[in-house]
Amino acid sequence: MSRMRPEAQSFVQSLAQALNSAQVPCVVWGNCLDSLQGVPALINSCDFVIPNDCLEAGTVALATCDDLVPCPDPESCFIIDEKRISPPPASHAHFGYALEDTVGLYLQSETLWFLPPMDASLLLPNKVDLPPYFALASDETVFPPRRRPGRGCGVFPSTAPAVIAPKPHILLEAYMRLFARDHGKWVGLIGVRTMCNMSSYVDADGFLDADLLPEPLRTSYKRWKDPEIRVRQWSQELNAALGLPPVTEEDFEY
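Offset between the sequence shown (1-based) and the numbering used here: plus 1035.
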């Protein structure tokens, strides 16, 4: 998929529509969400978060989509590589014409577990009825404009079908919590990268209201931006603030 072009945004919309038509609520995730937030990202996957009990229905829905094929080798697919720097999806499909590009489904319990359960109210989304932690990907009051040099795709076109996305501070909260949960593991490294990108692009461009973060994450994010604080020290402080056990040298996978 490379960088997210308008036709790629249309593809994301078509996938969201396919999931919603199968009664599977979904919010965009992964590289596509990074690009929506304005982070300059290469798009090699199109991912969604769905409710845990919708995994089977979501997998079946993706199987009906044009250009997608089931994973030809799910036991050894690169997407489950043990040194992958982000958690693998619970289910995925490949593009028939480019097997290195994927569409993945992530469970809410593994990504946005700190939010209320996603339900059927998200199936026919409109701006008025969405909970305060989600927004339409076409909402120009939340996401940056399109076609900014050196930045990601930005806001989606306002044409239907609608796509739901976590707001910027929710994405930051998710990856702070994911980093704390997976600190020391290969899959935890995505947390560091995402926090760096959020700080360098989304926050720096004025599209992140960090004051909306709950404590202790609000204070922790301020500490994160302090150039005098080392990542190892910061991560131990974060774990302690969240009531998680400290990570020792023996716990590190890398």
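We treat Cβ as the ideally placed atom computed from N, Cα and C, and that holds for glycine.
Exposure of residue i, with buried meaning 16 or more beta-carbon neighbours within 10 Å
{"i": "residue 1202", "result": "buried"}
{"i": "residue 1270", "result": "buried"}
{"i": "residue 1223", "result": "buried"}
{"i": "residue 1055", "result": "buried"}
{"i": "residue 1235", "result": "exposed"}
{"i": "residue 1186", "result": "buried"}
{"i": "residue 1245", "result": "buried"}
{"i": "residue 1095", "result": "exposed"}
{"i": "residue 1087", "result": "exposed"}
{"i": "residue 1036", "result": "Reliability of the predicted coordinates at residue 1036 is poor, the pLDDT of 46 falling under 50, and no value is obtained from them."}
{"i": "residue 1188", "result": "buried"}
Where residue i sits in the DSSP three-state scheme
{"i": "residue 1080", "result": "strand"}
{"i": "residue 1219", "result": "coil"}
{"i": "residue 1229", "result": "helix"}
{"i": "residue 1273", "result": "helix"}
{"i": "residue 1208", "result": "helix"}
{"i": "residue 1282", "result": "coil"}
{"i": "residue 1043", "result": "helix"}
{"i": "residue 1235", "result": "helix"}
{"i": "residue 1138", "result": "strand"}
{"i": "residue 1213", "result": "helix"}
{"i": "residue 1113", "result": "helix"}
{"i": "residue 1095", "result": "helix"}
{"i": "residue 1200", "result": "strand"}
{"i": "residue 1247", "result": "helix"}
{"i": "residue 1195", "result": "coil"}
{"i": "residue 1051", "result": "helix"}
{"i": "residue 1121", "result": "coil"}
Whole-angstrom C-beta distance between residue j and residue i, which should lie under 8 Å
{"i": "residue 1195", "j": "residue 1063", "result": "Wrong, their Cβ atoms sit about 15 Å apart, outside the cutoff."}
{"i": "residue 1242", "j": "residue 1072", "result": "7 Å"}
{"i": "residue 1141", "j": "residue 1082", "result": "6 Å"}
{"i": "residue 1151", "j": "residue 1240", "result": "In fact, because the Cβ distance is near 29 Å, the residues do not count as touching under 8 Å."}
{"i": "residue 1061", "j": "residue 1051", "result": "6 Å"}
{"i": "residue 1198", "j": "residue 1048", "result": "6 Å"}
{"i": "residue 1190", "j": "residue 1164", "result": "Contact flag wrong, Cβ pair sits at about 19 Å."}
{"i": "residue 1226", "j": "residue 1238", "result": "With 8 Å as the limit, residue 1226 and residue 1238 do not qualify as a contact, their Cβ atoms being about 16 Å apart."}
Query raised in the report: If we count Cβ pairs, one from each stretch, closer than 8 Å, do we get three or more for the stretch 1069-1086 versus the stretch 1211-1222?
Result: no
Report task. Would you mind listing the beta strand (DSSP E) stretches within the stretch 1146-1190 that are 3+ residues and don't spill past its ends, in chain order? Result -> 1169-1171
Requested in this report: Kindly provide the ranges of any alpha helix (DSSP H) runs that are 4 or more residues long and lie completely inside the stretch 1053-1078, ordered along the chain.
Outcome: 1065-1071
Query raised in the report: Is the stretch 1114-1121 close to the stretch 1153-1163, with three or more CB pairs under 8 Å?
Result: no
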